[in-house]
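J.: Pasting in a structure now, in structure tokens, and then I'll have a few things to ask.
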Amino acid sequence: MKSSPLTILFLVLLFQENLFSATADRLLIENTCKGTPSYNLCLSVLLADPHSQNADLTGLAIIAVYAVKNNGYQTLQQIEALKKFHPELMAALTQCGEVYKGVVDVDVPLSINALNLGNPKFAEDGMADTAVESQACERSFQDHAQTSPMTNANKAMEDVANVARAIIRMLL
Amino acid sequence: MMASLSDVENSITTSTLPYSYAPLPNGEQPAGNDRPVHSSRKTALFLVSVFLAVASLVALFAGNGPVLPKNLNTSAVPSTAGMPEKVAPLSRGVEKGVSEKSFHPLLGADNSFPWSNNMLDWQRTAFHFQPKKNWMNDPNGPVFYNGWYHLFYQYHPDAPVWGKIVWGHAVSKDLINWRHLPIAMETDEWYDEQGVWTGSATILPNGELVVLYTGSTNESVQVQNLAYPADPSDPLLIKWVKYPGNPVLVPPPGIDNKDFRDPTTAWKTPEGKWRITIGSKINKTGISLVYDTEDFKTFELLDGLLHAVPGTGMWECVDFYPISKQGENGLDTSVDGPGVKHVVKASMDDDRNDYYAIGTYDAYKGKWTPDNPTLDVGIGLRYDYGIYYASKTFYDQNKQRRVLWSWIKETDTEASDIKKGWASLMGVPRTIVLDKKTQSNIIQWPVEEINLLRTNLTVFKTVVVESGSLVPLNLPSASQLDIVAEFEVDKKTVERLNGADIAYDCAKNGGAAQRGALGPFGFSVLAHEGLAEHTPVYFYVAKGVDGNLQTFFCADQSRSSNANDVDKSIYGSIVPVLKGEKLAMRILVDHSIVESFAQEGRTCITSRVYPTKAINNNAQLFLFNNATATKVTASVNVWQMNSAHV
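Chains C and R supply the protein sequences, listed in that same order. Per this note's numbering, residue 1 is the first one in the first sequence, and the count goes up by one each step. Per this note's numbering, residue 173 is the first one in the second sequence, and the count goes up by one each step.
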């Protein structure tokens with residue numbers, strides 16, 4: 001079977017084209033993450049979503065906000081579990097439950113909305129609010145003179161929210 | 173293209189806030205959750221809750237809100253798999269509540285957080301413009317027309333957070349008492365489907381009114397649209413018509429689809445055309461594009477820009493207007509001439525502050541140059557050193573003044589806004605004139621109509637406040653106040669003092685608790701009697717090595733509330749004090765907003781304050797002097813402020 005050299009050349013170029021665009025998207029992701037406070041966290045969040053391969057900056061911001069949402073749901077489950085095993089922490093855990101519900105029910109939809117409707121400033125507000133809420137949860141244990149069992153979870157949420165916020169800031 | 177429209181629609185639908193975010197009704201117990209409960213259990217639970225409600229009410233002091241007994245909730249805790257749509261506020265911050273005590277033996281009476289209905293209800297203002305509920309942002313199209321002041325505003329009718337925005341509308345005879353009207357413009361066209369965004373009104377010489385506003389199209393492109401009253405003879409201008417040929421402007425080449433918004437009021441050019449400016453950016457340079465038009469339907473983009481400042485980012489809500497060099501009145505936007513300077517103002521998207529600069533306008537070239545390039549737009553003076561954004565002026569031909577409106581956002585959490593059911597205020601409208609004494613800044617002052625709310629004056633004449641002391645001012649109440657005061661530091665002390673390098677910064681120097689030789693001194697507003705919560709507004713005077721004094725004016729939120737989820741920044745700036753001037757301060761306290769003015773409006777600070785204890789009958793006003801070296805003599809007038817229809 002004889003392959004035309006032109007066909008081979010065409011296929012090679014096609015393959016290279018895909019390679020280039022994949023590299024270019026990866027470059028966008030890497031450069032974007034360099035502008036956030038947690039490069040590695042940002043990379044793992046964005047690369048975990050296959051949509052990031054074809055996303056523009058707004059798309060990457062939306063992916064980061066969805067990561068905040070997922071994190072929020074997981075934290076809410078953790079809070080429910082903690083309530084069962086640590087009833088002495090109920091008051092602080094209840095406050096934490098409230099604020100994290102706020103994150104998934106208010107902050108995340110606000111940010112997604114703002115990114116879709118074309119006014120990223122309000123998306124930044126939503127992620128800034130998320131960071132405040134996670135800090136408020138952490139402090140509610142101190143307010144009750146108790147040790148927080150959620151320090152890692154709250155820090156993780158704050159970090160993801162700050163990554164999302166940093167990406168959104170690049171859109172301003 | 174249509175495929176992307178439905179994609180966009182879908183994503184908007186799925187991301188819309190759940191409609192069940194109804195605000196907590198006043199005084200009612202929260203529902204707990206909305207899982208259905210069997211009816212026999214319901215009766216038992218009802219009786220138990222009534223008993224416990226009565227018991228806890230008896231145990232309560234000064235209504236922090238009813239306690240929701242814990243067992244009611246634990247019997248019906250929602251599973252996390254199906255998230256209940258309502259936020260289920262549980263115990264409402266009652267430290268003395270029956271159930272909470274057993275879990276927090278270490279707590280005293282100080283845990284008044286989280287937010288009770290009482291605390292949240294108190295936050296609503298008495299004389300600041302705000303819709304009955306839900307979210308507001310930028311003021312739009314302010315105008316005096318046919319005997320009425322009109323204010324339109326960015327409004328989200330569905331929730332107390334930003335979303336798909338429409339134009340809210342209200343009218344007033346006096347800028348203080350308002351009648352709310354139906355929504356003026358909805359997102360009912362493809363060219364404003366994602367939002368009816370900010371715009372301005374222009375009154376034509378024949379009395380006609382036109383509005384230009386930004387629409388965010390179904391594909392999130394920012395375009396400019398023309399609208400006008402459906403019935404110009406209706407003084408309330410209830411119904412509006414969108415020009416069928418919209419949009420009248422789309423982003424020009426080189427300008428991003430999302431960097432083209434907030435058209436200004438138009439002014440006349442020497443050729444007799446109308447001219448507007450629209451903010452934008454190129455990379456990180458904030459710019460202002462200029463368009464000429466004869467009919468508001470077709471526009472010509474001028475070659476150059478009105479002005480640009482590198483590094484300032486996107487310019488939102490650009491405003492451009494003349495001020496008189498000598499006169500005390502405001503000027504119609506079209507006025508020009510030798511006795512006139514021009515102000516360019518922009519809202520900086522990057523740092524959420526409003527900046528302005530005074531300069532000279534060349535009407536033939538369509539260009540403006542700042543008097544002082546080191547204080548250019550975005551890098552120099554701010555209208556206000558607190559929370560103040562998206563502001564817009566209009567020429568009030570009724571009283572020949574230029575009036576400034578601004579959006580004052582919340583600085584609490586979104587969750588609190590959802591709970592209380594509303595978010596955002598407008599600042600008290602201010603008049604703007606050139607500061608004739610300094611010639612290098614404007615002064616802003618609350619419109620005189622606000623004085624009509626003053627009642628019940630208490631005068632504190634010549635109060636000497638010794639170094640390091642606090643003077644309670646005995647007042648019938650302290651949540652709605654107009655405070656006008658003058659201060660004098662001891663002259664001999666100032667002369668004796670050695671000067672030093674002045675490195676004071678309101679935000680960074682520890683607030684009112686950080687003592688200096690000649691400051692801080694001023695008022696503590698919304699103060700609890702033990703100062704567990706208080707908001708100092710103060711002067712800080714510093715003497716330089718050259719013997720000259722510098723005066724700073726600050727508002728300190730760091731101890732404003734026991735809550736751990738509100739902004740506790742300290743705001744402020746230097747205020748020019750000229751020879752022979754006394755230190756003068758005016759403060760408007762209106763529940764969760766405090767507006768402070770120094771030297772008759774040379775420096776202004778707007779703060780949002782959310783106390784948990786210093787509310788209702790427990791809010792007080794103090795004079796304080798935390799300077800180490802000098803006593804301070806204060807003369808104070810305090811009025812109670814009546815509520816307006818807002």
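We put the beta carbon where it would ideally sit given N, CA and C, even for glycine. All figures in this text were calculated on a predicted structure; none of them were measured in a lab.
1. Whole angstroms are fine: how far does the CA of Tyr555/R sit from the CA of Tyr100/C?
2. Specify the secondary structure class of Leu703/R as computed by DSSP and reduced to three states.
3. Where DSSP assigns a beta bridge to Tyr555/R, which residues make up the other side?
4. Using 8 Å as the threshold, is the segment 662-669 of chain R in touch with the segment 757-776 of chain R, meaning 3 or more CB pairs across them?
5. Report yes if the CB atom of Asn390/R is closer than 8 Å to the CB atom of Val420/R, and no otherwise.
6. In three-state terms, what does DSSP make of Phe10/C?
7. What are the uninterrupted segments assigned as beta strand (DSSP E) that are 3 or more residues long and contained completely in the segment 350-414 of chain R, given in chain order?
8. What are the boundary residues of the beta strand (DSSP E) that includes Asp728/R?
9. Less than 8 Å between the beta carbons of Ala161/C and Thr75/C, yes or no?
10. Can you find a CB in chain R that lies within less than 8 Å of the CB of Arg139/C?
11. Hey, Val512/R and Leu503/R: beta-carbon distance below 8 Å or not?
12. So Ile655/R packs on Val810/R, CB below 8 Å; how close in whole Å?
13. Contact criterion: CB-CB distance below 8 Å. Does Leu110/C meet it with respect to chain R?
14. Please look up how many angstroms separate the CB atoms of Ile337/R and Val368/R, rounded, as I've assumed it's under 8 Å.
15. Using the beta-carbon of each residue, which ones in chain R are nearer than 8 Å to Asp107/C?
16. Between Gly72/C and Met157/C, how many whole angstroms is the CB-CB distance? I'm expecting something under 8 Å.
17. Could you give the distance in angstroms between the alpha-carbon of Ser563/R and the alpha-carbon of Thr436/R?
18. Give the interface partners of Ala136/C over in chain R, defined as CB-CB distance under 8 Å, in chain order.
19. Let me know if Glu638/R comes out buried or exposed under the rule of 16 or more other beta-carbons within 10 Å of its beta-carbon.
20. Going by C-alpha to C-alpha distance, which of Val666/R, Val636/R, His706/R, Asp718/R sits closest to Ile674/R?
21. Output the distance between the C-alpha atoms of Asp475/R and Ser496/R, rounded to the nearest integer angstrom.
22. Identify each residue in the segment 573-607 of chain R for which the Cβ-Cβ distance to at least one residue of chain C is less than 7 Å, and report them in chain order.
23. Run through DSSP, which three-state label would His144/C get?
24. Going by CA-CA distance only, name the one from Arg573/R, Val635/R, Ser578/R, Arg524/R that's closest to Val804/R.
25. What are the start and end residues of the beta strand (DSSP E) that includes Pro488/R?
26. Who pairs with Leu698/R in a beta bridge, going by DSSP?
27. Does the distance from the CB of Gly694/R to the CB of Pro708/R come in under 8 Å?
28. With DSSP collapsed to three states, give me the class of Lys803/R.
29. Are the CB atoms of Gly371/R and Gly820/R within a distance shorter than 8 Å?
30. On the premise that Leu755/R lies in contact with Glu658/R, defined as a C-beta separation below 8 Å, what is that separation, rounded to the nearest angstrom?
31. Against chain C, with Cβ distances strictly below 8 Å, would Val333/R count as a contact?
32. For Leu698/R, collect the residues of the same chain with a Cβ closer than 6 Å to its Cβ; drop the 5 residues on either side in sequence, then sort them by chain order.
33. Keeping to the same chain, check which residues put their C-beta closer than 7 Å to that of Asn198/R; ignore five residues upstream and five downstream.
34. Please confirm if Ser388/R has its CB atom under 8 Å from at least one CB of chain C.
35. Could you give the C-beta distance for Leu478/R and Thr449/R, rounded to a whole number, given that I count them as a contact under 8 Å?
36. Could you tell me whether any Cβ in chain C is nearer than 8 Å to the Cβ of Ser733/R?
T.: This is what the structure holds:
1. 36 Å
2. coil
3. Answer is none; Tyr555/R lacks a bridge partner.
4. No, the segment 662-669 of chain R is not in contact with the segment 757-776 of chain R.
5. no
6. helix
7. Counting only runs of 3 or more residues that sit fully inside the segment 350-414 of chain R, the beta strand (DSSP E) segments are 350-357, 367-375, 381-388, 394-401, 412-414, in chain order.
8. 721-728
9. no
10. yes
11. Result yes, Cβ atoms of Val512/R and Leu503/R sit closer than 8 Å.
12. 5 Å
13. yes
14. Ile337/R to Val368/R, Cβ: 6 Å. Contact.
15. Glu586
16. 7 Å
17. 12 Å
18. Thr585, Asn736, Asp737
19. exposed
20. Distance check between Ile674/R and each of Val666/R, Val636/R, His706/R, Asp718/R places Asp718/R closest, using alpha-carbon atoms only.
21. 29 Å
22. Thr585, Glu586, Ala587, Ile590
23. In the structure shown, His144/C sits in coil (DSSP, three-state: anything other than H, G, I, E or B).
24. Taking only the C-alpha atoms, the option nearest Val804/R is Val635/R.
25. Per the sequence shown, the amino acid found at residue 488/R is Glu instead of Pro. 487-496 is the extent of the beta strand (DSSP E) around Glu488/R.
26. In the DSSP output, where bridge partners are listed per residue, Leu698/R has none listed.
27. yes
28. coil
29. Only positions 173 to 818 of chain R appear in the structure, and residue 820/R is not among them; the question remains open.
30. 7 Å
31. yes
32. Short of 6 Å from the beta carbon of Leu698/R, and not among the five residues preceding or following it, lie these beta carbons of its own chain, in chain order: Thr707, Val781, Pro783, Ala786, Ala791.
33. Below a pLDDT of 50, predicted positions are generally treated as unreliable, and Asn198/R, at 35, falls in that range; no measurement from the model is reported.
34. yes
35. 5 Å
36. no
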